[in-house]
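Remarks on the structure that follows.
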Amino acid sequence: MKQLLFTNWHLMRWVRLVFALFLFSQAYTTSQWFFIAFGLFFLFQVIFNLGCGQNGCAIPNNKKSKNEQHFS
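Each residue of the sequence shown is one higher than the one before, starting from 301 at the first, in the numbering used here.
Below, the structure is given as structure tokens:
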């Protein structure tokens, strides 16, 4: 857990953290407590490093089909 939390910090992880803190502050200042749910969602993504990363959400397709022939 410690390694997951302290490694692999990229730009989107920082953006999610800032946005979560912003939502928490908005919930406090405006007394609209449903913002906490959205803030927790982004904070959960920050802690566990979930969501789409810098390369997008695409799954790499490295498998070749059975019928594909490779000529070199």
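Note that the Cβ used here is the ideal one computed from N, Cα and C, for glycine as well.
Which of helix, strand or coil DSSP assigns to residue i
i      : result
Gly339 : helix
Alpha-carbon spacing of residue i relative to residue j, whole angstroms
i      : j      : result
Phe348 : Tyr328 : 25 Å
Trp314 : Leu321 : 11 Å
Gln332 : Gln326 : 8 Å
Gly351 : Met312 : 9 Å
Met301 : Ala337 : 23 Å
First through last residue of the alpha helix (DSSP H) which encompasses residue i
i      : result
Gln303 : 302 to 306
Ser325 : 311 to 330
Nonlocal neighbours in the same chain, by C-beta distance under 7 Å from residue i, ignoring five residues either side
i      : result
Leu305 : Ile347
Cβ-heavy atom distance, residue i to the ligand FMN, below 6 Å
i      : result
Phe335 : Among the components modelled here there is no ligand, and therefore nothing to report on the ligand FMN.
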